[in-house]
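Q:
Number of protein chains: 2
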Amino acid sequence: MAKPGDLVEIVTKNKKYVGILMPKPEIIKSNTIVIKLDSGYNIGIEKKKIKKIKVIKKAKKGKKKNIKIKQSKKLPTVSILSTGGTISSKVDYKTGGTYASLTAEDFIQLEPKILKFANIRAKQIEQIMSEDMTPEHWIKIAKEVYKELNKKEVSGVVITHGTDTMHYTAAMLSFMFPKLSKPIVLVGAQRSTDRGSSDTFMNLICSVIAATQKIGEVMVCMHATTNDDFCYLHRGTKVRKMHTSRRDAFRSINQMPIAKIWPDGRIKFLINYKKPDKTNELNIKINKKVALIYVYPGINQNIIDYYLNKGYKGIVIAGTGLGHVPTYLIQKIKKAVKKGVAVCITSQCFYGRTHSFVYSNLRRLSQTGAIFCEDMLPEVAYVKLMHVLGKTKKLEKIKELMQKNIAGEINPIISKDMFLV
Amino acid sequence: MAKPGDLVEIVTKNKKYVGILMPKPEIIKSNTIVIKLDSGYNIGIEKKKIKKIKVIKKAKKGKKKNIKIKQSKKLPTVSILSTGGTISSKVDYKTGGTYASLTAEDFIQLEPKILKFANIRAKQIEQIMSEDMTPEHWIKIAKEVYKELNKKEVSGVVITHGTDTMHYTAAMLSFMFPKLSKPIVLVGAQRSTDRGSSDTFMNLICSVIAATQKIGEVMVCMHATTNDDFCYLHRGTKVRKMHTSRRDAFRSINQMPIAKIWPDGRIKFLINYKKPDKTNELNIKINKKVALIYVYPGINQNIIDYYLNKGYKGIVIAGTGLGHVPTYLIQKIKKAVKKGVAVCITSQCFYGRTHSFVYSNLRRLSQTGAIFCEDMLPEVAYVKLMHVLGKTKKLEKIKELMQKNIAGEINPIISKDMFLV
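For the record, the sequence lines run as chains A and B.
Under the numbering used here, think of the first position of the first sequence as 1, with each following residue one higher.
Under the numbering used here, think of the first position of the second sequence as 1, with each following residue one higher.
(1) Drop a sphere of 10 angstroms on the beta-carbon of A:Ser347, count the other beta-carbons inside from all chains shown, and report buried for 16 or more, exposed for fewer.
(2) Can you check whether the CB of A:Ser181 is closer than 9 Å to the CB of A:Asp277?
(3) Do A:Leu401 and A:Val388 have their C-beta atoms within less than 9 Å of each other?
(4) Does the beta-carbon of B:Glu136 have 16 or more other beta-carbons within 10 angstroms, so that it is buried, or is it exposed?
(5) So which of A:Lys260, A:Ile141, A:Gly85 has the shortest CA-CA distance to A:Leu282?
(6) Have a look at the DSSP bridge pairing and note the partners of A:Arg251.
(7) Using the rule of at least 16 other Cβ atoms within 10 Å of the residue's Cβ for burial, across every protein chain shown, is B:Ile56 buried or exposed?
(8) First and last residue of the beta strand (DSSP E) that includes B:Thr181?
(9) Return helix, strand or coil for A:Ile315, following the three-state DSSP convention.
(10) Here's the rule I'm using: 16 or more other beta-carbon atoms within 10 Å means buried, otherwise exposed. How should A:Asp229 be labelled?
(11) For A:Gly5 versus A:Ile43, is the C-beta spacing smaller than 9 Å?
(12) Taking Cβ positions only, does A:Ala122 come closer than 9 Å to chain B?
(13) Closer than 7 Å by beta-carbon distance: list the chain B residues that pair up with A:Gly188, in chain order.
(14) Can you tell me which residues form a DSSP beta bridge with A:Glu9?
(15) What do you reckon, are the CB atoms on B:Tyr273 and B:Arg235 nearer than 9 Å?
(16) Can you tell me whether DSSP reads B:Leu75 as helix, strand or coil?
(17) Using DSSP bridges, identify the partner residues of A:Thr165.
(18) From which residue to which residue does the alpha helix (DSSP H) around B:Phe201 run?
(19) I'd like to know if B:Pro257 contacts chain A, where contact means its C-beta is closer than 9 Å to some C-beta of that chain.
(20) With 16 other CB atoms within 10 Å as the buried threshold, where does B:Lys73 fall?
(21) Which residues in the same chain have their Cβ closer than 7 Å to the Cβ of A:Ala259, if we skip the five residues on either side of it in sequence?
(22) Under a Cβ-count criterion, where at least 16 other Cβ atoms within 10 Å of its own Cβ denotes burial, should A:Asp264 be classed as buried or exposed?
(23) Would you mind working out which of A:Ala170, A:Tyr294, A:Ala2 sits nearest A:Leu21, comparing C-alpha positions?
(24) Run down chain B in chain order and give the residues with a C-beta less than 9 Å from the C-beta of A:Ala249.
(25) Tell me whether the beta-carbon of B:Met129 lies closer than 9 Å to the beta-carbon of A:His324.
(26) Whole angstroms are fine: how far does the CA of A:Lys394 sit from the CA of A:Gly340?
(27) So which residues on chain A does B:Met129 lean against when the C-beta distance must stay under 7 Å?
(28) Measuring alpha carbon to alpha carbon, tell me which residue in A:Pro326, A:Met202, A:Ile293 is nearest A:Tyr312.
(29) Taking only beta-carbon atoms, is A:Asn405 less than 9 Å away from chain B?
(30) Below 9 Å between beta carbons: does that hold for B:Cys344 and B:Gly314?
(31) Are there three or more Cβ pairs, one per stretch, closer than 8 Å when the region 108–126 of chain B is compared with the region 193–205 of chain B?
(32) For chain A, is any of its Cβ atoms less than 9 Å away from the one on B:Val295?
(33) From the DSSP output, in three-state form, read off A:Gln190 for me.
(34) By the three-class DSSP mapping on this structure, what secondary structure does A:Met222 have?
(35) Candidates B:Gly216, B:Thr212, B:Pro257, B:Ile406: which alpha carbon is nearest B:His223's?
(36) I need the boundaries of the alpha helix (DSSP H) containing A:Ser366, first residue and last residue.
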C-alpha cells in the first residue's frame, strides 16, 4: 500500500505520472489522488482514471543534521529576522498545503553556505504569510530592524518575508528609514523549501551577501531568472511581484536593478545606489487612513465618497494610461480635495510615468488639486502617502513631499530646468 | 517674435532646447514656455531660466491634400469604425493639450497606404477618450460592429479606440461575439498624429491588414517594439496596456501574440487562432453590477459589504500572488457568496496562474465558494463576469462558465486527466 511520502508511479489510460504521494488534502474531492511531481508542482488525478499505483520507493524518515556553527572573526555579521512566508514554510501533512513554520535558526541548517559569507544571528519576529501583513506589522518589523541596525557588530539585516506583499513592506521600510547606516535586504521564496525547485537556498545566500555590502538602502533580493544562476538586488521602492509562481517573479519597474549577485559571492552593480549614512533614523509615524483604488470602465461613482465618509485622509488612484480616471470621478475627486483629503494619481500600467498635461481630461484632473505621482508604482504611492500623512496634514506640503524623491521612488526627468508636459 | 508653431531654439544657463513653440496651456504657470521636442514630448521651461529665444523657422500654414479614393475590385473591403482616442486626436490650440477630433474618413487622408490593402469604409460611431468608455459604450460598439460584420462585402472590422481601456473593450467584445465570421481588430495610438513619433500610421496599416485575414477573433493591433518595424496582433482576452507612453505599451500576457504584421503586408502567425465561424452571433446581455477590487495590506475590511449593500451581483478580486486576500476578508467573501454574489479571484501579478490549493489560506478562500479564474487577467475576469451574469444567476453555473475557456481567456493546463494543485 502506498503511503504519503512514497515515490509512486500512477498509470492512467493516457499517461504515467511519477511523484511523491501527498497526504490527502481536506477539501479536494475524495475521489482524487495527489502527487508532487519532480517539477515541484502538485497534481491531482481522479481515482476513476487510475489503472494502477506502483510504489517505486518507500519514504524514509528525515534526519535533522546538527551543524556546528563556527563564528569567524574575519567575517561580517548579518542579522536574519524571519517574518514567515513561503521561505519559511513546509508542507502541512494535515491539509497537504504549505504553511509557515521554520524559525530563523533553521535557515542556517537549511543552507549552511551562508556561513561562508557572514556570521549569522537569527530571530523570529513574526510568523505570518505575507497576505496578512498590515501597517501594524510594518511598524513592528521596522522597530526590530532598527534594534539590529544599531548593534555595532551587525553589518546588515536580512528580513525573510512572504513574497505576495514583500514589495509593499520594502517600500514602507524605505520611507521609515530616512537614514540608514547599513543595508536592509528583504528575501523570500516562490517555492517552498521541500520542493526540488525551491529558490530558498540561492535567494538566502545572495541576500546575506547583499547584507554585507556598503549600501544605505532597503532592497529586495530574489532570483533574476528561472535558472539558479544569480539574483537581482532590487531597490525597495522600484520593485513589484509580476508573476504568481515563477522564481524570477520580482521585477524592477522603470529602472534597472541595483545589482546582480551570484551565490559564489560576486556582485556587479548596475546603477548608482545610496551610500550608507553615519547613523540610522527611524520614522514610524504613519497615517493608516489611506485607500488604494484601481479605476476601470464602469467603476462605481460613489467609491470616493465611501472613503470620505469613513474618514480617510488619503486616496491613491491607479488610473489608466497616463493617470486617467473616468470623467465622472473628477468632480468626486475635487470634492475630496476640498475636504482636505490628499488624492494621488498613479498608473495601472506600472511602467512609464504619469502626466498631468497631455490631455484635456488630465488637465481637468490636475486642476482639482490631485497630485500626480510621476513614475511611482501605485503600491509605493500608497505606503508613501501613509508616511507623508504622518508628517503633515497640509495639502501643499503633502503635494511637495509626494512629488519629491525621498527613497528612490521617483526617477528624475531628463534635465533640471525643464519638466515634461 | 516667436509665435506658436514656430521652430525655436531656447537657450538656458545649462542647455539649449530646439522644438516647436506650443500655445500656452491654460493651467501651466504663466512663467513657463512650452515647446514640443523632436521626440514628440512637450517640455516646459521656466521663463526666468531662459537667456534667449531664437526663431529657427517660422510656422507654415498646413494644406489639406485631397486624395482621390479609388475602389479596387481585387481588394477586400474593411470597415473602420472610429470611437475617439489619441489615434483620432490632435492638439487643441486653446489648451495646448490633445483632444479627440478626426472622423473616420480622415484616416484615409492621414495614411493613404491603407488603400493598398483594402477598400475602406468608414464611420464615426463615438467620439470619446477611452477613460470614458462604459459598459453602455461596449454595447453600442458591439451593435455597430455587428451591422458591419453582416455586410457581405465586408472582410473585417477595424475599431479605432483610445488605448487606456482598449483591452477592456477588446475583452468584452470577445465575449459578446461567441461566433465571428470575420476578424474584429482594435487599434489605437500612444502618440497623437501631429507628433513626429506618432504610431498612428503603422498601427492603422497593420490593423487594416489584420482585418483582411481569415480569423474569427477579436484582437488588438499595436506597435510591437519602439521602432516602426512591425506590429503585434494580440488576442483580445490576453492583452494589457503595460506602459503609460511607449508605443509598444500593449503586451500579450501569459501567451504569445497571435501574429506579427509588417506594414508591407507580410504576416507571421505565432500561435493557433480561431478560424472564422460561418455566421456572427451577438450577445449583448450583460449585468453591470460587477465590481473589481485590488487588495493590499490594510485594505478596508468593509469594502465587500459596500458592494453588497449597493446590490452588486459579482465581485472580481485582484488578489496578491496566487490569489491571496488578507485573511480578514475571507469571512466577508463567504458572506457575499452565501448571498448569491459571485466572487472571482484573479492575481494582481498579471503573469502566471491563480491557484486554489497551494496554501492553507487559499484553501480556506476556495472553501467559501470563491471562483479561482485560472490565468485570466483581472480586467478580463471583470468583463467576463458581467457577461456570465447576463446568462445566469446560479452560482454553480457561473463557476462553470467562469472556469471554462470561452474566448481564449484561459490557457489549458498540462494534461486532460489531471489538474494543478
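C-beta: ideal position from N, C-alpha, C; glycine also.
A: Concretely, from the data shown:
(1) Residue burial annotation: A:Ser347 is buried, with at least 16 other C-beta atoms found within 10 angstroms of its C-beta.
(2) When the beta-carbon positions are compared, A:Asp277 and A:Ser181 come within less than 9 Å of each other.
(3) Contact annotation: A:Leu401 and A:Val388 have beta-carbon atoms nearer than 9 Å.
(4) So B:Glu136 counts as exposed.
(5) The option with the nearest alpha carbon to A:Leu282 is A:Ile141.
(6) Its beta-bridge partners are A:Arg240.
(7) The residue in question, B:Ile56, is exposed, as its Cβ has fewer than 16 Cβ neighbours within 10 Å.
(8) The identity of residue 181 of chain B in the sequence shown is Ser, whereas the question assumes Thr. Boundaries for B:Ser181: no beta strand (DSSP E) harbours it, and the DSSP string shows neither H nor E there.
(9) A:Ile315 carries a strand assignment under DSSP once its states are collapsed to helix, strand and coil.
(10) Burial call: exposed.
(11) Not closer than 9 Å, so no.
(12) When Cβ-Cβ separations below 9 Å define contact, A:Ala122 makes no contact with chain B.
(13) Within 7 Å Cβ-Cβ: nothing; A:Gly188 doesn't reach chain B, min ~10 Å.
(14) Looking at the DSSP assignment, A:Glu9 forms a beta bridge with A:Val18, A:Lys54.
(15) Cβ distance < 9 Å, so B:Tyr273 and B:Arg235 count as in contact.
(16) Judged by DSSP in its simplified three-state form, B:Leu75 adopts coil rather than helix or strand.
(17) DSSP lists no partner for A:Thr165.
(18) Here the alpha helix (DSSP H) through B:Phe201 covers 200–210.
(19) Not closer than 9 Å to any Cβ of chain A, the Cβ of B:Pro257 fails to qualify, so no.
(20) Exposed is the call here.
(21) Leu233, Ile267, Lys268, Phe269, Leu270, listed in sequence order.
(22) A:Asp264 comes out exposed.
(23) Ranking A:Ala170, A:Tyr294, A:Ala2 by CA distance to the CA of A:Leu21 puts A:Ala2 first.
(24) In chain order: Gly321, Cys349, Tyr351, Gly352.
(25) The beta carbons of B:Met129 and A:His324 sit closer together than 9 Å.
(26) In this structure, the alpha-carbon of A:Gly340 lies about 8 Å from that of A:Lys394.
(27) For B:Met129, the residues of chain A that pass the 7 Å Cβ criterion are Tyr359, Asn361, in the order they occur in the chain.
(28) Checking every option, the nearest Cα to that of A:Tyr312 belongs to A:Ile293.
(29) Interface criterion not met: the Cβ of A:Asn405 is under 9 Å from no Cβ in chain B.
(30) Yes.
(31) The region 108–126 of chain B, when compared against the region 193–205 of chain B, does touch it at the 8 Å Cβ threshold.
(32) Yes, because at least one Cβ of chain A sits closer than 9 Å to the Cβ of B:Val295.
(33) In the three-state reduction of the DSSP assignment, A:Gln190 falls in the coil class, being assigned neither a helical nor a strand state.
(34) Assigned with DSSP and collapsed to three states, A:Met222 falls in strand.
(35) Answer by Cα proximity: B:Pro257.
(36) Where A:Ser366 is concerned, the enclosing alpha helix (DSSP H) stretches over 360–367.
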